[in-house]
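K.L.:
Attaching a single structure in structure tokens format; questions to follow.
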Amino acid sequence: MSMMSLKRIIIFLLSVFGTSSAVQGQNMAVDVFLPDLVSTNIIEYYTAFTPDGNKLYFVRRNAEWGDFSDKTPGHIYTTEYIAGKWQRPQMASFSGEYSDGAPFISGDGKYFFFTSKRPREDKRTEDTDIWFMTQTSSGWSTPEPLSGTINSKKTEFSPVLTDSGNLYFASMREGGLGQGDIYVCKFDGMRCNQTQNLGGQINSPTGEWNVFVDRAETYMIFEASGRISGKDNGDFYISFRQNGIWQKAIYMDVLNTEGSDLAARLSPDGKTLYFAQSTRGEVDIKSVSIEVIEQYRNK
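Remember, the numbering used here sits 22 above the position in the sequence shown when you count from 1.
Here it is, written out as structure tokens:
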């Protein structure tokens, strides 16, 4: 076969199958989400949809993966689905001046949480804290740092609010089991208190980050690093909640890659899992059917 014939076959296959790949051992496609519009050749991760699914917020950083310096801050962008088409993303009105990340919109659409390094009047350190906004008749309110026991002198990550009012997040605060741990606190609409470490079923002596919990608190997916010898990149783990107790986390072998796997989120209809993966210095948002978790439920 000539090189020209081989090239034509490759081009044909790409035109048919696009940017999809298969989950290991499963008949489920992993798709790059909105290539060249949302997922580009830099870093994009985290998805936060409004409850109607017609507006999306995500994080974009003009850097290579692994460069977390303040010279390459992340900002929150947004795009709308209008007339059957996602529009070109624009920077969110509340982002752009400081490093922002991890957007999350509550299931009822009332609250918008995100992380930020923006300055606080009551705090001199420049670590990342959790901020929030509320939905008003004119849009999102002015961002405020979440008060109570949630923010510490160290970095906080990935806030997620469930229907019960439990707010899950990761933190590098003192007193944890590892470099970063996953915690939960009780959100009352203004403050978050009664912060608790989720313990050894979830956390380890290495590091846990970028947590997601479904609205009913039946399962949790998070990123953990350093658990596997010789593999320092973050991988997905899943835990199921039974009788109010989080079970020991399981390695998600069908989704994990040699790069970093992180920032899991769920579509408003609960059918699609969105997440991010790093490949050759860039990070793209990808999607797969939520059915991918079922094989782990009874392990």
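Beta carbons: idealized from backbone N, C-alpha and C, even for Gly.
Small disclaimer: the values here were computed from a predicted structure and weren't measured.
Does the beta-carbon of Gln264 have 16 or more other beta-carbons within 10 angstroms, so that it is buried, or is it exposed?
P.N.:
With fewer than 16 other Cβ atoms within 10 Å, it is exposed.
K.L.:
Count the other CB atoms, across all protein chains shown, that sit within 10 Å of the CB of Arg319; report buried if there are 16 or more and exposed otherwise.
P.N.:
exposed
K.L.:
What's the call for Met23, buried or exposed, on a 16-neighbour Cβ count within 10 Å?
P.N.:
Reliability of the predicted coordinates at Met23 is poor, the pLDDT of 45 falling under 50, and no value is obtained from them.
K.L.:
If you follow the beta strand (DSSP E) that Ser300 is in, where does it begin and where does it stop?
P.N.:
That run of the beta strand (DSSP E) goes Thr294 to Thr301.
K.L.:
To the nearest angstrom, how far is it from the Cα of Phe80 to the Cα of Ala70?
P.N.:
6 Å
K.L.:
Nearest-angstrom Cα distance between Asp74 and Ser261?
P.N.:
28 Å
K.L.:
Out of Ile307, Thr301 and Thr279, which one is the CA nearest neighbour of Ala285?
P.N.:
Ile307
K.L.:
Starting from the N-terminal side, write out each stretch of the beta strand (DSSP E) that is 3 residues or longer and does not extend beyond the region 97-125.
P.N.:
Counting whole runs of 3 or more residues, the region 97-125 contains the beta strand (DSSP E) stretches 97-104.
K.L.:
Ignore the nearest five residues each way along the sequence and tell me which others in Pro165's own chain have a CB closer than 6 Å to its CB.
P.N.:
Setting aside the 5 residues that flank it on each side, Pro165 is surrounded in the same chain by Phe116, Trp153 and Met155, each with a C-beta closer than 6 Å to its C-beta; the list follows chain order.
K.L.:
Using DSSP with H/G/I as helix, E/B as strand and the rest coil, what is Ile243?
P.N.:
strand
K.L.:
Quick check on DSSP: helix, strand or coil for Val314?
P.N.:
helix
K.L.:
Taking all protein chains shown into account, decide if Ser160 is buried (16 or more other Cβ within 10 angstroms of its Cβ) or exposed.
P.N.:
exposed
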